[in-house]
Structures are given as C-alpha cells and as structure tokens.
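Let me begin by presenting the structure, written as structure tokens, before commenting on it.
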Amino acid sequence: MKKTKNDKYITITRRKGDYSLLFSVILLSVVGTVFIYSASRYSALSTYNDSLYFVKKQIIGILLGIAAMIFTSFYNYNKLKRFTIPVSIIAFVLLCLVFVPGIGVENYGAKRWIGFGGFTLQPSEIAKFALILFTASYVSGNPDKIKTFVGILPVLVVGGIICLLIILEPNMSITICTVLLLFGLLFAAGMKIKHFALLIIPAFLGGVALIFLEPYRINRLLAFIDPWANPKGEGYQLLQSLYALGSGGWFGVGLFNSRQKYAFLPFAESDFILSVIGEEIGFIGVFFFFALLIFIIVKGIMIASKAENVFGFMLATGVTLIFGIQVIINALVVTGSIPPTGLPLPLVSSGNTSIIIFMAEMGVLFNISKKTVIV
Numbered sequence: 004m005k006k007t008k009n010d011k012y013i014t015i016t017r018r019k020g021d022y023s024l025l026f027s028v029i030l031l032s033v034v035g036t037v038f039i040y041s042a043s044r045y046s047a048l049s050t051y052n053d054s055l056y057f058v059k060k061q062i063i064g065i066l067l068g069i070a071a072m073i074f075t076s077f078y079n080y081n082k083l084k085r086f087t088i089p090v091s092i093i094a095f096v097l098l099c100l101v102f103v104p105g106i107g108v109e110n111y112g113a114k115r116w117i118g119f120g121g122f123t124l125q126p127s128e129i130a131k132f133a134l135i136l137f138t139a140s141y142v143s144g145n146p147d148k149i150k151t152f153v154g155i156l157p158v159l160v161v162g163g164i165i166c167l168l169i170i171l172e173p174n175m176s177i178t179i180c181t182v183l184l185l186f187g188l189l190f191a192a193g194m195k196i197k198h199f200a201l202l203i204i205p206a207f208l209g210g211v212a213l214i215f216l217e218p219y220r221i222n223r224l225l226a227f228i229d230p231w232a233n234p235k236g237e238g239y240q241l242l243q244s245l246y247a248l249g250s251g252g253w254f255g256v257g258l259f260n261s262r263q264k265y266a267f268l269p270f271a272e273s274d275f276i277l278s279v280i281g282e283e284i285g286f287i288g289v290f291f292f293f294a295l296l297i298f299i300i301v302k303g304i305m306i307a308s309k310a311e312n313v314f315g316f317m318l319a320t321g322v323t324l325i326f327g328i329q330v331i332i333n334a335l336v337v338t339g340s341i342p343p344t345g346l347p348l349p350l351v352s353s354g355n356t357s358i359i360i361f362m363a364e365m366g367v368l369f370n371i372s373k374k375t376v377i378v
C-alpha cells in the first residue's frame, strides 16, 4: 500500500509473469515438430533424400524463436513504441521486395517470400506484427481519437497498404487474416459500431470481388461447395483432408501411422498438418491438442485485460487476435467448413518465419504479463 497526496491509498501489485504461457508455447512447438516429422518424412525423403529435412528446418526456427522470445520477454515492451515507424517502413519495404526479380521467390504461382542464398523470409508475417505495433502505439497516444472516423484513418491507411501489397502477391488467406486483425484491433480500441458497420460492408464486397477476379479462387469456392465435382482437381486436397480426419475416428490410427502423408495429402507438414494430427491421434487427441491452443488464447485475453496501460492492452490484444484468427481459419479450412486456403497453424505448421515471429510475439505477451499493476 502507498499513500498519495490526497490521502488515498493505492495498491501496487508486482507480477512475476505468466510462465505457464511460455511453457505452453514451447510445448506446442515441440508437439508441432513431432507431427511435422510424421507428416513430412516420406515426402522429405523422396524430394530431398533426407527424411529429417523439414524437422531440421523447424528446429532451427524454434531455436531462433526461443532466442527472440527470451529477448522480448525481458525487453521493456513500452520501449517498442520508439520502433513503430521503423518497423512499419521495414514491413512495407520487405513486402515490396517480393516483386523484385532475383529477390522475390515464386512458388505455386505466388511471390510470397524473399530469398538470400539458402535463406527465405515471408514478409507478411512481419507486416502483421507491424500493424499491431502501429495500432497500439497510435491508440495509446490518444485513445479518444479512435472514436471518430477521421481518427481511425491512419490505422486504415497502414492496414490498407499492407493488405494491398499482400493481395498482389497474391495471398488472399493472409489478406483475410490481416483484415480481420485490423477490424479486431479497431473494435478493441473502441471504434464506434456505426463506423464498424460502415467499413465492414465494403470490406465484404471487396472480398467477394477478389474471389471473382481470379478463376482459381472461383474454382476453390466451387470445390468447397462440391469437392466431388472435381475429386482429382480442386476438390482433391479437401477430400484427402476429410479422409484423414475420418480415418482417425475417436483415438486415431497411432502416432507416425498416418496413411494420407504418403503423397496423398498436399502440404501435410504445413497448411494441412491438422489433418495428419487428427488422423494419428483421433478426436480425443485433437480435443486435448485444441485445449492447449485455447489455453494460450485465454491466457492472452487475461493478460490483455490486466495490462498496465493502453499500449500494453492493444499489443496483447493484437498478438492474441492474430494467433486466434489463424487457429480458427486453419481449423475451418481443414474440416471443410470454409473454402480451402493456404494458412499455417501457428507454432505447429512447418515454416521458420511464422514460428520465429509468433514466438517473439509471445515473449511480448509474457512481458506485458509481468508488469506492475496499480489499483
């Protein structure tokens, strides 16, 4: 207890930080690595002559991610404000570099990575955090600004530029995630419902327009509606995913015993790793697996609610939002609940940029959890 000048007492609580969050993050990444090995060993052996190819890459990503998480866990998150503009500029530049010949790496008709030697980087992962940091910094400067339409324009401009550069890659799945993140951040910051309604309608119409502008997106939509109409074409991946989940039943076919990973299910180690998980450990196993994912999301919500200031609240909300959004969309895609789209499962799917950035963000979340709270 401490006495103030007006003879009022305040309670100062010093928290040690929520170590259960860090433990859960590391546990989830380890579990993910086990299933990456199971899902990729056949394809890695046939493609790279090394059954551990993807596992080795993932372990490197996890080690770098842990280093980043340790740093962000102990670096005062309030000091991140000073990096808002530099991080935003870096994100814009990196997103532009994917279109530069010799730097941008094209895969499956999309330029979503930049490469330097044997190293590749996915700028959109950095851009999502840049949006979170910019919004948190902007809102914390004057929270009342967000209640006016003019006040939300800077956030919309930054978010709009990021979304535009990502959709040009093209990468509609990450664009959708970024749009949802943008709206979630503005809503959490206190944006008025009438402004939310004013923005959500053109955003929805824009999404529909983007689908009909590209034939392959229309084909994906048709495959979602009736995958059996083209079982060897656009409907193939969804059907193989459903076969995997259906084969798992209640208790699964056993760890490392997936049959769909034998060149039947595309991207088994990345976007569709949940299908292999469901096949091998069944409904009961997936239930506990999602319990771990939900535990991390709940921890994020609790940390945000107890943040010491607006900046911490917005940072924690943004990190929790993007993690939760990707978990939900990935699960809906894999189960055939929404049209197929390529989106990794956070901290689980193969992909170094994703796991490094998410671990660094979880370190920021832990950092917020250990700050002083004054009541």
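Using the numbering used here, read the sequence shown as starting at 4 and increasing by one per residue. Positions of the beta carbon are idealized from the N, C-alpha and C atoms, including for glycine. As the structure is a computational prediction, the values presented were derived from the model and not from experiment.
Check each candidate in the options and name the one with the smallest Cα separation from residue i.
i: Val160; options: Met175, Ile170 and Leu134; result: Leu134
i: Lys373; options: Gly303, Leu258 and Lys131; result: Gly303
i: Ala294; options: Val330, Phe254, Lys197 and Tyr219; result: Val330
i: Val37; options: Asp21, Gln61, Ser23 and Leu24; result: Gln61
i: Leu183; options: Val90, Phe74, Phe270 and Phe199; result: Phe199
i: Ile358; options: Tyr22, Leu25, Leu24 and Ser32; result: Ser32
i: Ser340; options: Phe267, Pro230, Ser273 and Ser308; result: Pro230
i: Tyr40; options: Ile328, Ile287, Phe316 and Ile280; result: Ile280
i: Gln240; options: Trp253, Gly252 and Leu224; result: Leu224
i: Pro157; options: Gly107, Val289, Gly121 and Ser91; result: Ser91
i: Thr344; options: Phe291, Pro173 and Phe292; result: Pro173
i: Ser308; options: Phe298, Leu242, Thr320 and Tyr56; result: Thr320
i: Ser23; options: Leu201, Asp147 and Leu296; result: Leu296
i: Thr138; options: Ile328, Ser27 and Phe316; result: Phe316
i: Ile196; options: Phe152, Ser76, Gly210 and Leu67; result: Phe152
i: Gly162; options: Ser278, Leu66, Trp116 and Leu98; result: Leu98
i: Ala191; options: Leu168, Ala232, Pro89 and Asp147; result: Asp147
i: Ile332; options: Lys19, Leu277 and Leu167; result: Leu277
i: Gly210; options: Ala226, Leu167 and Leu242; result: Leu167
i: Ser76; options: Arg85, Lys19, Trp116 and Phe290; result: Lys19
For residue i, which beta-bridge partners are listed by DSSP?
i: Leu124; result: Ile117
i: Val108; result: Trp116
Just to confirm, are residue i and residue j a CB contact at a threshold of 8 angstroms?
i: Leu318; j: Ile371; result: yes
i: Ile63; j: Ala94; result: no
i: Phe326; j: Pro342; result: no
i: Ala363; j: Met72; result: yes
i: Leu100; j: Leu136; result: no
i: Val142; j: Val313; result: yes
i: Ser261; j: Ala70; result: no
i: Tyr265; j: Tyr80; result: no
i: Leu208; j: Ile155; result: no
i: Val367; j: Val301; result: no
i: Thr237; j: Gly255; result: Just to set this straight, residue 237 is Glu in the shown sequence, not Thr. Against a cut-off of 8 angstroms, the Cβ pair of Gly255 and Glu237 comes out as no contact.
i: Thr87; j: Ser140; result: yes
i: Leu2; j: Ser127; result: Coverage of the chain is limited to positions 4 through 378, which leaves residue 2 absent and any answer about it impossible.
i: Thr181; j: Lys131; result: yes
i: Phe369; j: Leu25; result: yes
i: Ser273; j: Gly354; result: yes
i: Phe275; j: Leu268; result: yes
i: Thr338; j: Gln125; result: no
i: Leu213; j: Ile170; result: yes
i: Lys150; j: Gly193; result: yes
i: Ser352; j: Gly35; result: yes
i: Ile306; j: Asp53; result: no
i: Val28; j: Met365; result: yes
i: Phe186; j: Ile203; result: yes
i: Gly252; j: Gly288; result: no
Could you tell me whether the Cβ of residue i comes closer than 8 angstroms to any Cβ of chain B?
i: Leu184; result: The structure shown contains no chain B, having only a single protein chain.
Can you tell me whether residue i sits near the ligand ATP, meaning its C-beta is under 7 angstroms from at least one heavy atom of the ligand?
i: Met305; result: Of ligands this structure carries none, so the ligand ATP is not represented either.
Which runs of the alpha helix (DSSP H) at least 4 residues long sit entirely within the segment 12-61? Give them in chain order. Counting only runs of 4 or more residues that sit fully inside the segment 12-61, the alpha helix (DSSP H) segments are 22-51, in chain order.
Just checking, does the segment 203-219 make contact with the segment 238-248 on the three C-beta pairs under 8 angstroms criterion? When C-beta atoms of the segment 203-219 are compared with those of the segment 238-248, fewer than three pairs fall below 8 angstroms, so the two segments do not count as touching.
Extract the residue ranges of the alpha helix (DSSP H) inside the segment 135-184, only unbroken runs of 4 or more that lie entirely within it. As far as the segment 135-184 is concerned, its whole alpha helix (DSSP H) runs of at least 4 residues are 152-170.
Which residue spans inside the segment 294-343 form an unbroken beta strand (DSSP E) run of at least 3? Within the segment 294-343, no complete beta strand (DSSP E) run reaches 3 residues.
List, from N- to C-terminal side, the alpha helix (DSSP H) runs of 4 residues or more that fit wholly inside the segment 177-250. Note on the segment 177-250: whole alpha helix (DSSP H) runs with a minimum of 4 residues are 196-216 and 218-228, in chain order.
Extract the residue ranges of the beta strand (DSSP E) inside the segment 56-101, only unbroken runs of 3 or more that lie entirely within it. Counting only runs of 3 or more, we get nothing.
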